[in-house]
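Note sheet for the following structure.
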Amino acid sequence: MNDTIKAIIHSALVAEGIPAEVISAGTFVIEHPADLSKGDYSTNAALVYAKVLKRNPVELANALVSHIKLETDADITRVEVAGPGFINFFLSSLFFGKQVKVILENPERFGHSSTMKGQVWAVEYASPNPNKAMHLGHLRNTITGVALCNLLEANGATVIREMVDNNRGISIAKLMWGYLVSAKKDGNRVEDLAYWQSHKDEWHTITASDRRVLDVWYVTGSEECKDPAQEAKVRELVVKWEAKDPVVWDLWKTVLDFAYLLQKATLTRLGATFDYVWHEHEHYEEGKRYVDAGVKTGVFRVLEDGAILTTLESFGLSDTIVQKNDGTSLYITQDIALTDLKKKKHNADHQVWVIGPEQSLALQQLFAVCEQLGIGMREEFSHVSYGYVTIKGQGKMSSREGNVLYADDLLDELRIKTEGIMAERLSGQDKSVIAEKIALGAAIYEMLKAGRTKDIAFDMESALSFEGDSGPYLQYAHTRALSIMRKAKEQGIGPDVDGALPHEESELIRKIYRLPEVIEEAAKLYAPQQVVTFLTDLAATFNNYYAHTQVIADNDATSGRRVALVAAFAEVMESGLKVLGIKTPGVM
RNA sequence: GCUCCCGUGGUGAAAUGGAUAUCACAACAGUCUUCGGAACUGUUGUUCCAGGUUCGAGUCCUGGCGGGAGCACCA
């Protein structure tokens, strides 16, 4: 419809005798007026061209409208000039009827587009550190990443979901050390690796429910490092690991397996899947080759002390060191290699990093260096950042302050709360499954409802409230729709997609068809939040309809048409929620 | 000091340079509870400050103020 209106305006501009070069120079937009009384679509074309042509906007708008010939039985019934010179388009019942039909005939495809067809996007997200349980910050990252991938995919892109496993270095060594010295079942302290290797069963193992224990070992290891003598032992672990010492590798693999077990449980819960996981130990040494090459071609410069620097002034960025003076790697050294490896592996034309804002400069520098080295142009690389999550009234989370809210704990609390509410109503065996879906829905909604770059002060009370703007509000609207359909089926009323429903009856019919536009725009802007806003408005419109219209009425010829509208709403809501990563609970 | 992000009712948020700034929570007043009340209707109340660009600014520009993050051999 967007394109149709654009074409109509274009021919009206031509008919008005406006030169082609003037027309193509102007950029007018087609949008939905905020208020439905102003029409279904609106354009500012007259305002834009009136400025260029130095004409009165309202007069120009009227002239343009006079060139528009509407056919009877067409999708557009009325065109009006309003306000300072907007041209508003009103759509017909026929059009809306057709949309309901389109939705119901192929519900799986509705909301999808092919605007990104042929593009390959590699998206790195989540990437939790193995030494800690996931908390609120990781939750926002993961949920944002899942939604972004779904959005790109919904528009036809091929999406490669990637995660980076930072599985080596001092942090992991601390975790290993903490496990070694504090996880013996009898509580005795052992520092002897050989003893551990031959008596492994004397140490604790882990199950998916032992969520915090990893943090405990890591903190123990970190605390020990405050003593220089102990720190030396932990550093020695790193050195031995790099030398591939078999015992150290054995311990390393043991501890990592625990970490992966916990990570996987949480990520699976959040619906995060990955096509490829990059393990740091496999590529961390690769970076030096790229640095050497950069030095040879004169892109990089060796400083007096041996460190290697690149100048990024032409990119408007501060210079950065790409290799330490002792010849060892930095994060950026590894990332250069990884970016190239990723690109070659997937032949991706776009690479996205879903990472916090504190990495902004580092990533801009990485992108610039990749351009310097000919790995790719900066336009191929995007940093999809997001705001911080703090706990309301407590400020920034800090494990030292003891105010860290873990992802799983939050989800559990939401699930328990949901089960409590549900107990009052029903006692199905699927109760905990449904409660989990609703808990996830509530959490995802909280994380996506704000603009991506905005900080969130997470309010547990608000998240636990299922009234108004919330995931459960959307899920519930969907459930109510299904419930109507169930009743309709029982009474033998099928959806009537051929009869036109008078659209004055509800605003609902004038909104449901917009989902594909929203999903397209949201993908372009990396803004899942726009889908949230749309669905919330749609659910409110449905609830209003529900409250004021008896869908299934005896001896009512329009029941079938209303059922079709409700069914279409249910499909649209389900498609929209799916993109966000929210599951519909169905009829509970 | 420099760079980036953010600033919208009491609270949390929305708004590709457009029309009367839109929702939700809270508060107050109601509906109905015959398709599921996790609902619906109504009332009160908002763009950090000062300039500028524009027919039109929450949005763009300049300068402040407030909050957060980053700034070369840390991860």
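Each residue of the first sequence is one higher than the last, beginning at 2 in this note's numbering. Note that CB positions come from ideal geometry on N, CA and C, so glycine has one too. It should be emphasised that the depicted structure is a prediction, and the values quoted were computed from it without experimental measurement.
A distance of 8 Å or more separates the beta carbons of Val519 and Val498.
Beta-bridge pairing by DSSP links Glu32 to Ser43. Rounded to whole angstroms, the separation of the alpha carbons of His479 and Asp41 is 24 Å.
In this structure Lys490 is exposed. Its beta-carbon is surrounded by fewer than 16 other beta-carbon atoms within 10 angstroms. If you draw a 10 Å sphere on the C-beta of Leu257, you find 16 or more other C-beta atoms in it, and that means buried. Counting only residues of its own chain and dropping the five nearest sequence neighbours on each side, Ile494 has a CB closer than 7 Å to the CB of Ile553, Ser560, Gly561, Val564.
Across the set Val385, Glu72, His113, the C-alpha of Val385 shows the shortest separation from the C-alpha of Gly452. One alpha carbon belongs to Glu17, the other to Ser43, and they sit about 19 Å apart. Contact between Pro58 and Gly86 is confirmed by a C-beta separation of about 3 Å, below the 8 Å threshold.
Cα atoms of Ala568 and Leu411: separation of roughly 33 Å, rounded to the nearest angstrom. Here DSSP, grouped into helix, strand and coil, assigns Glu17 to coil. When only Cα atoms are considered, Tyr126 and Thr143 end up about 6 Å apart. Scanning its chain for C-beta atoms nearer than 6 Å, with the 5 sequence neighbours on each side dropped, one finds around Tyr180 the residues Trp218, Val256, in chain order. Leu65 and Ala13 have their C-alpha atoms roughly 5 Å apart. Pro247 and Leu238 have their C-alpha atoms spaced approximately 11 Å apart.
In this structure, the straight-line span from the alpha carbon of Asp555 to that of Leu441 is close to 39 Å. Pairing Tyr389 with Pro529, the inter-Cα distance amounts to about 17 Å. Across the structure, Leu263 and Val355 are spaced so that their CA atoms are roughly 21 Å apart. Bridge partners of Ser330 according to DSSP: Gln324.
If one requires a minimum length of 3 residues, no beta strand (DSSP E) run lies completely within the region 529-568.
Where Met164 is concerned, the enclosing beta strand (DSSP E) starts and stops at 159-166. Pairwise C-beta distances place the region 138-156 out of contact with the region 202-216, as fewer than three of them are shorter than 8 Å. In this structure Val370 is in contact with Ile337, their Cβ atoms being roughly 6 Å apart against a cut-off of 8 Å.
Look at Glu281 here: in three-state DSSP terms it is helix. Judged by DSSP secondary structure, Thr255 falls within the alpha helix (DSSP H) whose first and last residues are 247-270.
Residue pairing for Thr391: DSSP places it in a beta bridge opposite Ala458. Residue pairing of Asn89 in beta bridges, as defined by DSSP: Ser43, Glu81. Taking 8 Å as the cut-off, the Cβ atoms of Tyr291 and Leu364 do not count as close. The shortest C-alpha to C-alpha distance from Asp76 to any of Val160, Ile9, Ser466, Gln395 is the one to Ile9.
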